[in-house]
Structures are given as structure tokens and as C-alpha cells.
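Trainee:
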Amino acid sequence: DSLLGKINEQAKADPDEFIRQLSLKHKIPEVEIRQAEERHHLSYGDTYMATALSWNSKRPIGIVAEEYSQNQGRGWGVMAMKMGIKPGSPEFKLMKANARGSVDHMKTLAKDKKRQQKYEMERVRARDRKIRDEAQGQG
Numbered sequence: 011d012s013l014l015g016k017i018n019e020q021a022k023a024d025p026d027e028f029i030r031q032l033s034l035k036h037k038i039p040e041v042e043i044r045q046a047e048e049r050h051h052l053s054y055g056d057t058y059m060a061t062a063l064s065w066n067s068k069r070p071i072g073i074v075a076e077e078y079s080q081n082q083g084r085g086w087g088v089m090a091m092k093m094g095i096k097p098g099s100p101e102f103k104l105m106k107a108n109a110r111g112s113v114d115h116m117k118t119l120a121k122d123k124k125r126q127q128k129y130e131m132e133r134v135r136a137r138d139r140k141i142r143d144e145a146q147g148q149g
């Protein structure tokens, strides 16, 4: 799914923030998300889907991730059906819409982080110029 590919791409920029955002959005502790991701070797996109499906199905993320890893290749639509969420249903459409929203949110966070880093670099350069100018003035 190209949406999961976009999630993978965006999450690589700041994996910790990605997990933090998943935790906040789906009210699942970060440690549980990280454990499921590591234990079942999930990509960021699959981690997103496991977290969303966990929240929607009211099942622990570890169980969702385990079932997915045992049935890999069948896809998240099949997983959702097994957990009572029919593809095409309002719940499934909401999960997909939230995924698209998450991609957009991660892009915004990445831009904000780059902007902040650029600002910090400019501040450091200005400080260094000031120090150098003061040192040359005293020479």
C-alpha cells in the first residue's frame, strides 16, 4: 500500500517522534508499541496499522502484531476483518483517513524540526561572529 510506504518514509526521519505520536493518538503506551514493533519486526507502516487496529478493535497491540506476523501476506484488510472491522466500513475508512492525516502531520513536524535546526544554526553563527569580531577588536 502506497500509504504505508509514505508512513515508512516519514517515520524514518524521526522514529521516536513517530512512536510518541502513535502513543498519544491511540492512547497506547510507547513501550508497548516499541515492544510490538521490535518483537514482530514491524515496519513503521505496519506499526501504525497495528496500533490503529489495536485501538479500534480494543485488543492489545502485542496480540494484533502477533496475529499479523503469523498471517503476513494477507494484508491489513484481512486483519481488520478478523478483528471485526470490515474493509469499506466507516471504521476502516476512518483508520485510512487517520493514516493519511498522520503522514501529513509527520511532514509538518519534519518541516518544523528543520526550521528549528536552521534557526539554531543561524543563532550559533551569529554568536560565533560576534565573539570573533570582539576578539579582533581587542587585538
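Our numbering runs 10 ahead of the 1-based position in the sequence shown.
Ideal Cβ placement from N, Cα and C applies to all residues, glycine included.
#1: Between the Cα of G85 and those of D56, P100, S33, K68, spot the shortest distance and give me the residue it belongs to.
#2: By the 10 Å Cβ neighbour count, where 16 or more other Cβ atoms means buried, how is V74 classified, buried or exposed?
#3: Taking 8 Å as the threshold (C-beta atoms), are Y58 and L34 in contact?
#4: Out of curiosity, what's the CA-to-CA distance linking V41 and R49?
#5: How many angstroms separate the CA atom of E77 from the CA atom of Q127?
#6: Rounded to the nearest angstrom, what separates S67 and Q45 at their Cα positions?
#7: So, with DSSP's three-state summary, where would you put R44?
#8: Within the same chain, show all residues whose beta-carbon is closer than 6 Å to that of A107, passing over the 5 residues directly before and after it, in chain order.
#9: What are the boundary residues of the alpha helix (DSSP H) that R30 is part of?
#10: For N18, which residues from the same chain have a beta carbon less than 6 Å from its beta carbon, with the 5 sequence-adjacent residues on both sides left out?
#11: Once DSSP output is grouped into helix, strand and coil, what is the label at K140?
#12: Could you tell me the boundaries of the alpha helix (DSSP H) in which N81 lies?
Mentor: Judging by the given coordinates:
#1: D56
#2: buried
#3: no
#4: 12 Å
#5: 40 Å
#6: 19 Å
#7: helix
#8: none
#9: 25–36
#10: S53, Y54, G55
#11: helix
#12: No alpha helix (DSSP H) holds N81; DSSP gives it neither H nor E.
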